[in-house]
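Chains as they are written, first to last, in this note's numbering: chain A, 2 to 365; chain B, 871 to 1066. Every residue, glycine too, gets a C-beta built ideally from N, C-alpha and C.
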Amino acid sequence: MLDNAIFVKTNILKLSKPFNLESGITLENVEIAYETYGKLNKNKTNAILVCHAFTGDAHVAGFKEGTKKAGWWDKLVGSGKGIDTDKFFVICSNVLGGCQGTTGPKSIDPKTGKPYAMNFPFITIKDMVSLQKELVSFFEIKKLVSVIGGSMGGMQVLEWVNTYSDMLMSAIPISTTMKHSPQQIAFNEVSRRSIMLDPSWNNGDYYEKASPELGLSIARMIGHITYMSDISMEKKFSRRTKTYNKSFDVNFEVENYLKYQGDNFVKRFDANSYIYITKAMDYFDVSEEIFKNHINNLKFLVINFESDWLYPKYQSLDIIKLLRLKHIPCTYCEIHSTYGHDAFLIDIEEEARLIKPFLESIKI
Amino acid sequence: MRETEFDYNLISNWIPEKTSVLDLGCGKGYLMDFLKHKKNVFVHGIEISESCIYKCVEKGLSVFHGDIEDGILDFTDKSFDFVILYQSLQQIKNLSFVLSEALRVGKKVIICFPNFAYINARICLFFLGIAPVTKHLPYRWDNTPNLHFFSIKDFNIFCKNSKINIIESRFLTKTKFIRFFPNVFAERAIFLIKSL
């Protein structure tokens, strides 16, 4: 561990009031799991909200006591890093519907005393963002220096712009889209089907029994294929095998990798959360309404990665197209990378070279 | 004073304060940075080189990473007071299309290009019999980003045929204005144009 490593713990904020969803349904006893880094200044004008991707969590940087694994964006967030915690107060929370501390399908329904399971109400990206707004308000922050995130985190960034643009000074959507394409929905649907057709899924009611590990692990394997690229797979595995014998066992390195990822994933992720969150992503569409509000003072940095075929370049360019119609030219960079969609979590050095000066250019 | 700085000053004299400027092929953002500080203008650039994008962002500039030919399409008519093509026009494949797009997006367009009929280039071609390699056309024929080789006279004819109005023009060699036979003695030209 490095000397300047930060040690963090995940906090829980319990909402005192019921939480209203976009659907009109109200959720009671909502809890938000969050972490913060750096210090909030006196005027509360140095806060940045980081939004995590699909299966991420609030642990964006540093080390939790007793663990050796750094946060998922540790190379970007920290002292002197791209998002400099010496200067900024960084907040990251687990999304609504998640399973890493924030209220979701595996949380206890106060009405029944049992996990919500599939009785958890349908949620949207807008609901996730509304809950983050509760957290930001809890800190009495009126304006965020920036809201930043990749993939589904980027969707949350766009939803922030759509709904609460007056609370933002800038936005950094990375490797993301204003709406899922049929191809993206298709991959999610295959993943959902694989969970829901696992007999252990049991219509979502499995919390006291064996969970649908098989279905969830296959869903994750599909996910991992879409997060990589042809080149990155060639580099990482090529056609290497464990044995020279032709067999029906897991033999190719790529098979082994996917099995490993699938097996590990089921230990930390809830199958029902997978279903709820992927649906929230698929129904997300701000392409008609975004930028309708007055956003003239808002600065944008849009980033995507060259080999990302899951969230292709045109989806980032569509954002810029709309901004240009509003006479808001924004900074855009397509970073050269061979890592596919995963690149936004890997090619940090290039990302930081854009994010750091961009944040510095915003006058607090 | 360096030549580029001389050009930057010349260009900035045509640009009033607090206007908006789009720099096509902005490179590392030197001209944008200059105009931003000198004239307090809003600047935005388009640049194809990723490494240049980092340099622009480091300067706090707003830039779009992409090809000029696609990069300019989504801007609405007359959305910038000025569009600048500083030493980039000769490198654009679809020159006349980009120029017409620049004239659509910008109220006025500023262009700076090397004069292919400059005396030194003529010497190369006429006496040495080789494709010109001069201080202002520094690339050898087999490794040059320049796709179009045109003179001041060519550009004047082009403007006339394309119904482009030349508002101002400056012809230069090093940091001196050339008024006598500029198509022979000027190594570069700067034009301020708009559509008729």
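task: Per DSSP, which residues does A/Tyr333 bridge with? Please list them.
output: As a position in the first sequence, residue 333 of chain A is number 332, starting the count at 1. For A/Tyr333, which the question treats as bridged, DSSP gives the partners A/Val303 and B/Phe934.
message: Can you give me the C-alpha to C-alpha distance between A/Arg325 and B/Glu939, rounded to a whole angstrom?
response: Position 324 of the first sequence holds residue 325 of chain A. Position 69 of the second sequence holds residue 939 of chain B. Spanning the two alpha carbons is a distance of roughly 16 Å.
query: What are the boundary residues of the alpha helix (DSSP H) that includes B/Cys922?
result: Position 52 of the second sequence, counting from 1, holds the residue named residue 922 of chain B. Counting along the chain, the alpha helix (DSSP H) containing B/Cys922 begins and ends at Glu920 to Glu928.
task: Could you check which residue in A/Ser233, A/Gly99 and A/Lys15 has the C-alpha nearest to that of A/Asp271?
output: Here residue 271 of chain A corresponds to residue number 270 of the first sequence, with the count starting at 1. For the residues A/Ser233, A/Gly99 and A/Lys15, the minimum Cα distance to A/Asp271 belongs to A/Gly99.
query: So with Cβ pairs under 9 Å, would you call A/Leu355 a contact of chain B?
result: As a working mapping, residue 355 of chain A is identified with position 354 in the first sequence. So, interface residue.
- request: Take the Cβ of A/Val191 as the centre, count every other Cβ of all protein chains shown within 10 Å, and call the residue buried at 16 or more, exposed below.
  value: Position 190 of the first sequence, counted from the first residue, corresponds to residue 191 of chain A. Counting Cβ neighbours within 10 Å, A/Val191 comes out exposed, since fewer than 16 surround it.
query: Going straight from the alpha carbon of A/Lys40 to that of B/His1006, what length do you get?
result: For the purposes of this step, residue 40 of chain A is identified with residue 39 of the first sequence, where counting begins at 1. For the purposes of this step, residue 1006 of chain B is identified with residue 136 of the second sequence, where counting begins at 1. Their Cα atoms are separated by approximately 53 Å.
message: Counting only beta-carbon separations shorter than 9 Å, does A/His337 have a partner in chain B?
response: Translated into the one-based positions of the first sequence, residue 337 of chain A becomes position 336. Yes, contact with chain B.
Straight-line gap, B/His907 to B/Ser882 (C-alpha atoms, nearest Å): Working through the second sequence from its first residue, we reach residue 907 of chain B at position 37. Working through the second sequence from its first residue, we reach residue 882 of chain B at position 12. About 11 Å.
- prompt: chain A partners of B/Asp1012, CB-CB under 7 Å?
  reply: Counting from 1 along the second sequence, the entry for residue 1012 of chain B is found at position 142. Result: empty, since nearest Cβ-Cβ is about 26 Å, beyond 7 Å.
A/His53 classed as buried or exposed, judged by whether at least 16 other C-beta atoms fall within 10 angstroms: To locate residue 53 of chain A, count along the first sequence from 1; it is residue 52. When all chains shown are included, A/His53 counts as buried.
- prompt: Which of the residues in the region 261 to 272 of chain A, read from start to end, lie with their CB under 8 Å from any CB of chain B?
  reply: none
message: Considering only their Cβ atoms, is the gap separating A/Ile365 from A/Met146 smaller than 9 Å?
response: Indexing the first sequence from 1 puts residue 146 of chain A at position 145. Indexing the first sequence from 1 puts residue 365 of chain A at position 364. The identity of residue 146 of chain A in the sequence shown is Val, whereas the question assumes Met. Yes, these two residues count as a Cβ contact at 9 Å.
- prompt: Do A/Leu159 and A/Met179 have their CB atoms nearer than 9 Å?
  reply: Taking the first residue of the first sequence as position 1, residue 159 of chain A is located at position 158. Taking the first residue of the first sequence as position 1, residue 179 of chain A is located at position 178. For A/Leu159 and A/Met179, yes; Cβs fall inside 9 Å.
- request: Let me know the secondary structure DSSP gives A/Met2 once reduced to three states.
  value: Counted from its first residue, the first sequence places residue 2 of chain A at position 1. Since pLDDT at A/Met2 reaches only 46, below the 50 mark, its modelled position is unreliable, and no value is offered.
task: Note down, in chain order, every chain C residue with its Cβ under 9 Å from the Cβ of B/Tyr988.
output: Absent from the structure: chain C. Protein chains present are A and B.
Amino acids of chain A, ordered along the chain, whose beta-carbon sits closer than 8 Å to that of B/Phe952: Within the second sequence, residue 952 of chain B is the residue found at index 82, counting from 1. Correct list: empty, because the minimum Cβ distance to chain A is about 14 Å.
task: Could you confirm whether any beta carbon from chain A is found closer than 9 Å to the beta carbon of B/Gly999?
output: For the purposes of this step, residue 999 of chain B is taken as the residue at position 129 of the second sequence. Chain A, which has no Cβ nearer than 9 Å to the Cβ of B/Gly999, makes this no.
query: Do the region 129 to 143 of chain A and the region 27 to 47 of chain A make contact, defined as three or more Cβ pairs closer than 8 Å?
result: yes
task: Return the chain-ordered ranges of every alpha helix (DSSP H) run that is complete within the region 90 to 169 of chain A and spans a minimum of 4 residues.
output: 126 to 139 and 153 to 165
task: Taking only beta-carbon positions, decide if B/Asp944 is within less than 9 Å of chain A.
output: One-based indexing of the second sequence puts residue 944 of chain B at position 74. Cβ-Cβ to chain A under 9 Å: yes for B/Asp944.
- prompt: Mind checking whether B/Phe952 and B/Leu995 have CB atoms under 9 Å apart?
  reply: Position 82 of the second sequence, counted from the start, is the residue given in the question as residue 952 of chain B. Position 125 of the second sequence, counted from the start, is the residue given in the question as residue 995 of chain B. Not in contact: B/Phe952 and B/Leu995 (Cβ atoms no closer than 9 Å).
field: 6 Å Cβ shell around A/Lys112 - same chain, five flanking residues per side excluded
entry: Position 111 of the first sequence holds residue 112 of chain A. Within the same chain, A/Lys112 has no close Cβ partners at all.
- request: Assign A/Asn305 to buried or exposed, taking buried as 16 or more other Cβ atoms, counted over all protein chains shown, within 10 Å of its Cβ.
  value: Against the first sequence, residue 305 of chain A aligns to sequence position 304. Answer is buried; the Cβ neighbour count reaches 16.
message: For the region 926 to 939 of chain B, list every residue whose C-beta sits within 9 Å of some C-beta in chain A, in sequence order.
response: Cys926, Val927, Glu928, Lys929, Gly930, Leu931, Ser932, Val933, Phe934, His935 and Gly936
query: Which first and last residues belong to the beta strand (DSSP E) in which A/Leu217 is found?
result: Counted from its first residue, the first sequence places residue 217 of chain A at position 216. Premise fails: A/Leu217 lies in the alpha helix (DSSP H), Glu214 to Tyr228, not in any beta strand (DSSP E).
task: Verify the CB distance criterion: does B/Tyr924 have a CB-CB separation below 9 Å to chain A?
output: Working through the second sequence from its first residue, we reach residue 924 of chain B at position 54. It does: the Cβ of B/Tyr924 has a partner Cβ on chain A nearer than 9 Å.
task: Out of B/Phe934, B/Asp1024 and B/Phe912, point me to the one whose CA is closest to B/Ile918's CA.
output: Position 48 of the second sequence, counted from the start, is the residue given in the question as residue 918 of chain B. For B/Ile918, the nearest C-alpha among the options comes from B/Phe934.
message: Could you tell me the alpha carbon to alpha carbon distance between B/Phe912 and A/Leu299, rounded to whole angstroms?
response: As a first step, residue 912 of chain B is located in the second sequence; it is residue number 42 there, counting from the start. As a first step, residue 299 of chain A is located in the first sequence; it is residue number 298 there, counting from the start. Going by the C-alpha atoms only, they are around 14 Å apart.
- prompt: If we count the other Cβ atoms within 10 Å of its Cβ and call it buried at 16 or more, is A/Met2 buried or exposed?
  reply: For the purposes of this step, residue 2 of chain A is taken as the residue at position 1 of the first sequence. Interpretation of A/Met2 is limited by its pLDDT of 46, a score under 50 that renders its predicted location unreliable; the figure taken from the coordinates is listed afterwards. The residue is exposed, with fewer than 16 neighbouring Cβ atoms inside 10 Å.
task: Quick one: residues in its chain with C-beta nearer than 7 Å to the C-beta of A/Ala353, no 5 flanking neighbours on either side, listed in chain order?
output: Indexing the first sequence from 1 puts residue 353 of chain A at position 352. Cβ within range, chain order: Leu77, Lys82 and Gly83.
- prompt: Since A/Tyr333 meets chain B, which of its residues come closer than 8 Å, beta carbon to beta carbon?
  reply: Stepping through the first sequence from its first residue, residue 333 of chain A is reached at position 332. Within 8 Å Cβ-Cβ: Val933, Phe934, His935 and Gly936.
message: Would A/Thr177 and A/Gly154 be called neighbours here (beta carbons separated by less than 9 Å)?
response: On the first sequence, position 176 is the one that residue 177 of chain A refers to. On the first sequence, position 153 is the one that residue 154 of chain A refers to. Their beta carbons are under 9 Å apart, which means A/Thr177 touches A/Gly154 by this criterion.
- request: Indicate whether A/Lys236 and A/Thr86 have their beta-carbon atoms separated by less than 9 Å.
  value: Counted from its first residue, the first sequence places residue 236 of chain A at position 235. Counted from its first residue, the first sequence places residue 86 of chain A at position 85. No. Outside cutoff.
- request: Mark B/Tyr1009 as exposed unless 16 or more other C-beta atoms lie within 10 angstroms of its C-beta, in which case mark it buried.
  value: In the second sequence, the residue the question calls residue 1009 of chain B occupies position 139. Answer is exposed; the Cβ neighbour count stays below 16.
message: Given this structure, state the Cα-to-Cα distance separating A/Ser94 from A/Asn265, to the nearest angstrom.
response: Position 93 of the first sequence, counted from the start, is the residue given in the question as residue 94 of chain A. Position 264 of the first sequence, counted from the start, is the residue given in the question as residue 265 of chain A. A/Ser94 and A/Asn265: Cα-Cα distance of roughly 22 Å.
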